[in-house]
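Below is one structure, written out as structure tokens, with a few remarks after it.
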Amino acid sequence: MPHDHHDHTGLSPSGHPYRADNDAPLTYWQRMEIAVRELMIEKGHLSAAEVAAQIDAMDARSPANGAAVVARAWSDPAFKARLLENASDACREMGFDIGPLHLIAVENTPETHNMIVCTLCSCYPRNLLGLPPDWYKTREYRSRAVREPRAVLREFGVDLPPATTIRVHDSTADMRYIVLPARPAGTGQMDQDALAALVTRDSMIGTGLPRTPAL
Numbered sequence: 001m002p003h004d005h006h007d008h009t010g011l012s013p014s015g016h017p018y019r020a021d022n023d024a025p026l027t028y029w030q031r032m033e034i035a036v037r038e039l040m041i042e043k044g045h046l047s048a049a050e051v052a053a054q055i056d057a058m059d060a061r062s063p064a065n066g067a068a069v070v071a072r073a074w075s076d077p078a079f080k081a082r083l084l085e086n087a088s089d090a091c092r093e094m095g096f097d098i099g100p101l102h103l104i105a106v107e108n109t110p111e112t113h114n115m116i117v118c119t120l121c122s123c124y125p126r127n128l129l130g131l132p133p134d135w136y137k138t139r140e141y142r143s144r145a146v147r148e149p150r151a152v153l154r155e156f157g158v159d160l161p162p163a164t165t166i167r168v169h170d171s172t173a174d175m176r177y178i179v180l181p182a183r184p185a186g187t188g189q190m191d192q193d194a195l196a197a198l199v200t201r202d203s204m205i206g207t208g209l210p211r212t213p214a215l
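Everything in the sequence shown is counted per my numbering, starting at 1 for the first residue and increasing by one.
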């Protein structure tokens, strides 16, 4: 097999960063996971099929679930009120199993912009949005988001007026956040499916904005 030639930017020809091969020796925790999983299967507490089904369920989670929640909140004032009061119950109402975590929805307004981070590790509403982006887990984002959020937002392309208050919310092991972005102008006639297509993953983290509707 021919070797890839890395350029000095660290990016592949497709524009994505190169990643190290995963053929290194297993870590202690990887060995522990394999041992516990195989022991539970051997003792009949679960089956290999059940493990595979749970992995498939986890892989199926994506930002599209959160986008559906946002779109309904944009078009249904009563649901929006329930979402802001208890996001966990509101998401379950739509059929999304978010587990036992306490989910909090925070609303962006012209006066306030919300931004989500986990300063400790990578706590993220995975049950609703799927896996977090790689940058969300980096030490740089985790430290700078709380120290200089306005500068970080500008690097993501979100340049807010000086008068806009930025609130940074720190996720924890049992409490997660989702941002309810402001509904874009010119979307009054759109149905929920069309609205959901405007919702970006980053807008639900607070590091991005919804897409602008096509005229």
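Yeah, the Cβ is synthetic: ideal placement off N, Cα and C, and Gly gets one too.
The structure displayed is predicted, hence computed values, not measured ones.
- Distance between residue 181 and residue 44, taken at the CA atoms: about 46 Å.
- Note that the C-beta distance between residue 67 and residue 175 is not below 9 Å.
- Straight-line spacing of the CA atoms in residue 52 and residue 152 works out to 38 Å.
- The segment 135-142 makes contact with the segment 100-119; the number of CB pairs closer than 8 Å reaches 3 or more.
- Under the three-state reduction of DSSP output, residue 167 falls in the strand class.
- When the five nearest sequence neighbours on each side are left out, the beta carbons in the same chain lying within less than 7 Å of the beta carbon of residue 210 are those of 181, 184, 198, 199, 200 and 203, in order along the chain.
- Taking 3 residues as the minimum length, the beta strand (DSSP E) runs contained wholly in the segment 124-187 are 165-170 and 175-180, in order along the chain.
- According to DSSP, residue 45 shares a beta bridge with no other residue.
- When only Cα atoms are considered, residue 70 and residue 50 end up about 31 Å apart.
- Looking only at 98, 36 and 86, the smallest Cα-Cα distance to residue 62 is reached by 98.
- In summary, residue 88 is buried, with 16 or more beta-carbon neighbours lying within 10 Å of its beta-carbon over all protein chains present.
- Closest by C-alpha distance to residue 214, out of 206, 208, 192 and 187, is 187.
- Taking the C-beta atoms as reference points, residue 28 is found no nearer than 9 Å to residue 104.
- Counting along the chain, the unbroken beta strand (DSSP E) around residue 117 starts and ends at 112-117.
- Scanning the segment 58-112 from its first residue to its last, the whole beta strand (DSSP E) runs of 3-plus residues come out as 102-107.
- A straight-line Cα-Cα distance of about 15 Å links residue 136 and residue 148.
- Nearest neighbour of residue 168 by Cα position, chosen from 190, 207 and 130, turns out to be 207.
- Cβ neighbours of residue 59 within its own chain (closer than 7 Å, five residues either side excluded): none.
- Taken through DSSP and simplified to helix, strand or coil, residue 122 comes out as coil.
- Close CB contacts of residue 129 within its chain, under the 6 Å cut and outside five residues either way in sequence, are with 63 and 66 (chain order).
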